[in-house]
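Colleague:
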Amino acid sequence: MGVLPVYALPLLLTAGAAPTIDRGTQIVPVPSGSLSAEDARYLDWLVEDFLFDPQRAIYVRIAPPGRPRERDLILRGQRIMRLRDRDAVREGWLVKGTKGEGDRIYFADGDSVAVGDQKIRQLDFEDECRRRYYPGQSSTKQEFDRLIRLIDDDGESDLVLAAWLHRRGHDRLAATALAAVREDENQDPRLALRYRLAMRALGALVDAFCIRADADALAHADRLFRLYPEEAAAETPQAEAIASDLRRRQHAGTSGRVPPKSPPAGFAAWANARKIEFLIGSLDEIENWDAGGIRHRSIEDISTENIDDWRVAALKELGDAAIPALIDAYEHDGRLIRHRDEESSRNGQVVFRGNRLVDLGVNRVAEVRPVLLYVIRSILRTRHWDPAEVDQRREKLPPPIMAAKLRRYWANYGHLNFDDRMMTILTDRSSKPLVRRDAAACLVAAHQPGDRQWSRANRQDAVARPSSLVTKYRNPSVAEAILAALDDHRAQWESQKDERGYWAGIERRYLESLKDLGDHRVGPEIARRVEAARNLEERLELARAARMLGVSGPMVRVCREMASGNVWVPSVGPGNGAPPQFDKDSTLDLLVTISNEPLAEADDALFAVAEKDHPYFPFMSKCAIDRWNNRRYQFVLDHPYHITLLRNLLTDTTPTGGHYFLRGDEIEELRIGRRPDLSGLPTTHADPRLWHEHVEQRVADVAADKLSDFVFGLPEYHPLRRDADRVLIEMRTFLMRYDRRFRDLTREEHFRFELHPNAPEYIPDIRPLGRLATATDVARGDAVFEQKGQGRVADVKMPAWLVLKSNAKNEDPAVGLIVQAELGPDGKATYGVIFRNAIRAVRADEVERIEPYGSPKKKPDPSVQHGSISP
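Residue numbers for the sequence shown follow our numbering, beginning at 57 and rising by one.
(1) Is ARG796 near THR700, with beta carbons less than 9 Å apart?
(2) From ARG97 to ARG238, what does the alpha carbon distance come to, in whole angstroms?
(3) For a test of the three-state rule: what should DSSP assign to PHE809, helix, strand or coil?
(4) For the putative contact between GLN843 and GLY883, defined by C-beta atoms under 8 Å, what is the C-beta separation to the nearest angstrom?
(5) Does the structure place the segment 268-284 close enough to the segment 295-310 that three or more beta carbon pairs sit under 8 Å?
(6) Give me the Cα-Cα distance between ARG727 and VAL767, rounded to the nearest whole angstrom.
(7) Taking C-alpha atoms, which residue in ALA870, PRO855 and ALA856 lies nearest to SER862?
(8) Are ILE342 and LEU428 close, meaning C-beta to C-beta below 9 Å?
(9) Could you check which residue in VAL151, PRO285, ASN652 and HIS670 has the C-alpha nearest to that of ALA518?
(10) Kindly indicate which residue of GLU568, TRP559 and LEU382 has the alpha-carbon position closest to the one of ASN591.
(11) Does SER608 pass the burial test, meaning 16 or more other C-beta atoms within 10 Å, or should it be called exposed?
(12) Under the assumption that GLU147 contacts TYR189 (Cβ atoms under 8 Å), give the Cβ distance between them as a whole number of angstroms.
(13) Can you tell me which residues form a DSSP beta bridge with ARG896?
(14) Ignoring anything shorter than 3 residues, give me the beta strand (DSSP E) runs that lie fully in the segment 808-876, in order along the chain.
(15) Based on DSSP bridge pairs, tell me the residues matched to VAL767.
(16) Within the continuous beta strand (DSSP E) that includes GLU724, where are the two ends?
(17) Ignoring anything shorter than 4 residues or poking outside the segment 736-766, list the alpha helix (DSSP H) runs there in chain order.
(18) Excluding the 5 residues preceding and the 5 following THR438 in the sequence, name in chain order all residues of the same chain whose CB lies nearer than 6 Å to its CB.
(19) Excluding the 5 residues flanking ASP544 on each side, which residues of the same chain have their C-beta closer than 8 Å to its C-beta?
(20) If you count every other CB in all the chains shown that lies within 10 Å of the CB of PRO711, and 16 or more means buried, which is it?
(21) Helix, strand or coil for ALA991? Go by DSSP, reduced to three states.
(22) MET458 and TYR386 look like a contact to me (Cβ under 8 Å); what is the Cβ gap, rounded to whole Å?
(23) In its own chain, which residues sit with a C-beta less than 7 Å from the C-beta of GLN504, not counting the 5 before and 5 after it?
(24) In whole angstroms, what is the alpha-carbon distance linking LEU801 and VAL648?
(25) Mapping DSSP to helix, strand and coil, what is GLU907?
(26) To the nearest angstrom, how far is it from the Cα of MET676 to the Cα of VAL665?
(27) For GLU670, count the other beta carbons within 10 Å of its own beta carbon; 16 or more makes it buried, fewer makes it exposed. Which is it?
(28) Return the residue from the list LEU99, ARG313, TYR284 and TRP366 that minimises the CA-CA distance to LEU234.
(29) Return yes when the Cβ of ASP838 is within less than 9 Å of the Cβ of ILE819, no when it is not.
(30) Out of ARG595, LEU873 and PHE323, which one is the CA nearest neighbour of TRP857?
(31) For ARG146, which of helix, strand or coil comes out of DSSP?
(32) Would you kindly work out how many angstroms separate the C-alpha atoms of HIS715 and ILE906, rounded to a whole number?
(33) With DSSP as the reference, label GLY713 as helix, strand or coil.
(34) What's the C-alpha gap between SER434 and ALA370?
(35) Using the C-alpha atoms, what's the distance from ARG228 back to ARG246?
(36) Is it true that the CB of ALA444 sits closer than 9 Å to the CB of SER487?
Printed below as a string of structure tokens:
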């Protein structure tokens with residue numbers, strides 16, 4: 057390889073010998089295939105400068121064993137293509153080893169790999185170049201290939217190929233390659249090539265470092281600094297840090313060593329001081345930290361949201377005893393850690409920005425310092441090191457300054473246990489309000505008994521449970537201290553208003569702490585503050601907090617005002633008979649809050665809104681019909697009131713502007729602002745004679761379609777069906793029969809009916825009567841069928857699952873839910889069953905099998921909460 061020594065470069069450059077390409081002149085291949093003398097000198101100089109000389113080598117394509125991976129590349133944020141991974145398939149030059157050395161394959165700037173178990177195929181270099189520059193393709197195809205070459209960092213650039221072609225005596229092709237250089241590049245092609253190869257060397261350095269191939273990593277670092285010193289200094293400052301860490305590991309004898317997966321033998325019996333020293337000293341070997349996502353190229357920080365490593369866990373367990381040593385290490389420790397997750401790094405995105413490729417997966421290398429800070433924060437359970445200063449989470453402080461802050465914090469509060477530490481800060485009026493607020497949150501969270509999130513299906517936290525902190529402190533209690541901090545924060549915010557955000561969001565954090573604390577003694581005080589609220593959002597937050605602390609009056613009042621359509625908005629004043637004062641966002645905030653309230657008055661208010669005579673009905677109808685354009689409305693779908701809302705729209709024949717067409721055996725739906733939607737005819741109504749050719753979409757059609765999506769037992773509906781109006785009447789009759797008597801599907805029912813576990817789905821709440829059903833029971837919806845008082849109740853534990861004979865041969869047969877079972881006078885059983893699109897009586901001779909409730913085929917996710925049913 058003809059690489060000019062680094063020390064000789066200045067002589068060449070100062071002598072003016074570096075040729076240039078005249079960018080104003082287009083090179084066109086001539087019949088003789090010759091280059092100009094200046095171009096030839098330029099290409100020779102590139103090889104002498106930093107490119108590999110291929111004159112005595114064999115051009116080959118290599119691929120690792122197995123199937124190559126792919127990665128995404130994005131062109132200016134618009135076109136997405138998948139290209140081969142840079143370590144999957146590459147072309148290079150095979151050089152036979154001499155004097156006992158093995159064969160090696162060389163790439164553009166002398167980077168090489170030893171020949172091992174790769175798949176190697178010999179290629180004709182000149183023929184490959186001819187196909188590249190004379191493809192005989194259309195101009196569109198040529199332009200596409202040009203873009204691929206421009207983006208694909210795996211292949212060699214036109215300038216490299218031009219130099220290699222010239223060195224191998226193919227000047228005609230070399231001239232064509234130079235023409236491509238002038239076409240594609242907007243800057244000095246040599247500088248662009250050097251940057252590209254420097255980035256490739258950095259990538260190889262990072263790759264080798266992360267897989268613990270430390271010897272190879274040092275070789276890549278040497279090549280980077282030797283061939284591209286200017287680029288390394290200007291563009292890849294992290295490379296020097298990695299090289300320094302490699303030399304440190306080499307000196308310590310840990311280079312390339314695989315770290316232990318568990319503590320050494322006898323670790324549990326060590327003294328704490330020895331444990332701490334050992335654990336901090338081995339933090340540079342952790343691997344399981346979060347390297348995913350699009351972040352910066354710096355190695356000074358990492359995402360520490362979920363570091364899964366036994367060393368980190370052991371330091372957390374040691375707790376306060378480790379803090380002084382951790383602070384010392386943070387100040388002086390410049391070691392690096394590496395992420396070995398090759399799949400996430402190799403398949404990361406590479407974004408084309410201008411003439412540069414930015415590898416968003418490069419920060420698989422990071423400093424130990426963020427891990428140390430993560431451990432410190434985990435032990436101290438706070439993010440504020442100076443209560444008298446503003447939050448420092450995002451401030452990039454030099455390690456000595458940050459260490460000084462940590463030491464001052466530890467000197468002031470380290471002698472206190474965690475509760476006393478947080479309580480001291482919470483009650484210190486000289487502390488910043490945000491610091492006091494976070495101290496309250498941290499203190500309460502440390503004593504919170506698990507998840508207290510409330511849902512309609514799980515009302516056990518309708519009233520907050522008292523924390524052990526409630527009686528731990530007096531004069532002030534924790535709740536009194538939080539209220540005092542809240543008042544001080546509000547006073548400062550009103551006087552200065554120099555903090556980001558708005559007051560309702562700030563106050564919500566204090567109220568969350570009070571609700572989690574569960575001190576019902578402050579419930580009346582919170583209720584009193586509702587009357588002083590300045591807007592609807594603040595009023596709702598305070599009313600909900602008061603209700604969870606045992607005083608439901610303010611929330612009941614809000615619900616009743618909502619039911620009457622005259623909600624008091626504090627910033628406007630009482631309605632006094634005037635139209636309700638609300639806008640879209642305020643109304644949705646109100647609905648979200650009320651739909652999550654476990655009060656009978658809340659349910660009454662929501663069902664009132666669903667009636668046509670309510671002032672909110674027009675707005676809510678629009679939200680329900682076009683809910684995908686009202687994303688916030690999704691938060692109130694998990695309440696059966698919107699069944700009533702849509703039911704009342706089943707008679708609305710107002711056109712929506714949409715259309716349905718029958719296209720052979722397919723249905724096309726056209727809606728304003730959306731792409732056409734094609735679907736096949738359902739198997740239950742596959743005869744085209746049962747369908748209209750075209751109908752205009754009405755509000756009733758949209759309502760019926762949405763109801764069919766989430767209400768079980770409703771008949772199938774489509775506006776193109778000739779019996780569509782009859783089905784609408786059936787749907788409305790069905791929904792009125794079970795009015796306000798729909799329940800959420802249980803977790804098991806979601807899985808047995810093969811539904812998304814988080815989708816809101818409702819089913820009629822039909823429960824066993826314990827006696828024979830009557831005609832009145834059927835009319836009220838309390839039973840599916842009746843036998844005129846003849847027979848007896850069947851001995852079937854309900855609910856239960858039923859599979860029909862007509863479905864039994866299917867790979868995954870549909871099921872129905874048995875809610876009624878009776879024996880007729882002849883002793884044969886009849887079952888009342890809820891299917892996806894029907895509720896009907898099923899005779900015993902139709903049944904393939906009955907399965908007990910409580911044995912789902914698929915294991916439900918215990919983290920997903922749904923409705924409950926008593927078997």
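In this text, a Cβ means the ideal position worked out from N, Cα and C, and glycines have one as well.
Modeller: In short, the structure shows the following:
(1) Here residue 796 refers to the residue found at position 740 of the sequence shown. Here residue 700 refers to the residue found at position 644 of the sequence shown. At a Cβ-Cβ threshold of 9 Å, ARG796 and THR700 count as neighbours.
(2) Locating residue 97 in the sequence shown gives position 41, counting from the first residue. Locating residue 238 in the sequence shown gives position 182, counting from the first residue. Roughly 17 Å separates the two Cα atoms.
(3) Along the sequence shown, one-based indexing puts residue 809 at 753. In the structure shown, PHE809 falls within a coil segment according to DSSP collapsed to helix, strand and coil.
(4) Here residue 843 refers to the residue found at position 787 of the sequence shown. Here residue 883 refers to the residue found at position 827 of the sequence shown. Not really, about 12 Å apart at Cβ, beyond 8 Å.
(5) Result yes; three or more Cβ-Cβ pairs closer than 8 Å.
(6) Indexing the sequence shown from 1 puts residue 727 at position 671. Indexing the sequence shown from 1 puts residue 767 at position 711. VAL767 has its alpha-carbon roughly 24 Å from the corresponding atom of ARG727.
(7) Here residue 862 corresponds to residue number 806 of the sequence shown, with the count starting at 1. Closest by alpha carbon: ALA870.
(8) In the sequence shown, counting from the first residue as 1, residue 342 sits at position 286. In the sequence shown, counting from the first residue as 1, residue 428 sits at position 372. No, the pair does not count as a contact, with Cβ atoms beyond the cut-off.
(9) Numbered from its first residue, the sequence shown carries residue 518 at position 462. For ALA518, the nearest C-alpha among the options comes from ASN652.
(10) The sequence position of residue 591 within the sequence shown is 535, counting from 1. ASN591 has its Cα closest to that of TRP559, out of GLU568, TRP559 and LEU382.
(11) Your numbering for residue 608 matches position 552 in the sequence shown. Burial call: buried.
(12) For the purposes of this step, residue 147 is taken as residue 91 along the sequence shown, with counting starting at 1. For the purposes of this step, residue 189 is taken as residue 133 along the sequence shown, with counting starting at 1. Approximately 16 Å separates the beta-carbon atoms of GLU147 and TYR189; this is outside 8 Å, ruling out the contact.
(13) As a first step, residue 896 must be located in the sequence shown, where it is residue number 840. Partner(s): VAL889.
(14) Listed in chain order, the complete beta strand (DSSP E) runs (minimum 3 residues) inside the segment 808-876 are 818-820 and 856-860.
(15) For the purposes of this step, residue 767 is taken as the residue at position 711 of the sequence shown. DSSP lists TYR818 as partners of VAL767.
(16) By 1-based counting over the sequence shown, the position of residue 724 is 668. For GLU724, the uninterrupted beta strand (DSSP E) run begins and ends at 722-726, by DSSP.
(17) Here the runs fully enclosed are 755-766.
(18) Locating residue 438 in the sequence shown gives position 382, counting from the first residue. Hits under 6 Å: CYS498.
(19) Within the sequence shown, the letter at position 488 stands for residue 544. Result list for ASP544: ARG485, PRO489 and ARG492, in chain order.
(20) Sequence index remark: in the sequence shown, residue 711 carries index 655 (1-based). Under this definition PRO711 is an exposed residue.
(21) Residue 991 lies beyond the stretch modelled for the chain, which goes from 57 to 927, so this question has no answer here.
(22) Mapped onto the sequence shown, residue 458 falls at position 402. Mapped onto the sequence shown, residue 386 falls at position 330. About 7 Å separates the two Cβ atoms, so the contact holds.
(23) Translated into positions along the sequence shown, residue 504 becomes position 448. Cβ contact annotation for GLN504 (same chain, cutoff 7 Å, sequence separation greater than five): SER523 and ASP572, in chain order.
(24) Translated into the one-based positions of the sequence shown, residue 801 becomes position 745. Translated into the one-based positions of the sequence shown, residue 648 becomes position 592. Using only the alpha carbons, I get a separation of about 21 Å.
(25) If you number the sequence shown from 1, residue 907 lands on position 851. Here GLU907 sits in strand by DSSP.
(26) Stepping through the sequence shown from its first residue, residue 676 is reached at position 620. Stepping through the sequence shown from its first residue, residue 665 is reached at position 609. Whole-angstrom Cα-Cα distance: 8 Å.
(27) Taking the sequence shown and counting its residues from 1, one reaches residue 670 at position 614. Correcting the residue identity first, residue 670 is His in this sequence and not Glu. Burial of HIS670 is indicated by the presence of at least 16 other C-beta atoms within 10 angstroms of its C-beta.
(28) What you label residue 234 is simply residue 178 of the sequence shown in a count that begins at 1. It is LEU99.
(29) Along the sequence shown, one-based indexing puts residue 819 at 763. Along the sequence shown, one-based indexing puts residue 838 at 782. Not in contact: ILE819 and ASP838 (Cβ atoms no closer than 9 Å).
(30) For this step, residue 857 is matched to residue 801 along the sequence shown. Measuring from the Cα of TRP857, the nearest candidate turns out to be LEU873.
(31) One-based indexing of the sequence shown puts residue 146 at position 90. In the structure shown, ARG146 sits in a strand (DSSP, three-state: E or B).
(32) Counted from its first residue, the sequence shown places residue 715 at position 659. Counted from its first residue, the sequence shown places residue 906 at position 850. Rounded to the nearest whole angstrom, the CA to CA distance from HIS715 to ILE906 is 43 Å.
(33) Within the sequence shown, the letter at position 657 stands for residue 713. Under the three-state reduction of DSSP output, GLY713 falls in the strand class.
(34) Residue numbering aside, residue 434 sits at position 378 when the sequence shown is read from its first letter. Residue numbering aside, residue 370 sits at position 314 when the sequence shown is read from its first letter. Distance between the alpha carbons of SER434 and ALA370: 12 Å.
(35) Translated into the one-based positions of the sequence shown, residue 246 becomes position 190. Translated into the one-based positions of the sequence shown, residue 228 becomes position 172. Rounded to the nearest whole angstrom, the C-alpha separation of ARG246 and ARG228 is 21 Å.
(36) By 1-based counting over the sequence shown, the position of residue 487 is 431. By 1-based counting over the sequence shown, the position of residue 444 is 388. Cβ atoms of SER487 and ALA444: closer than 9 Å.
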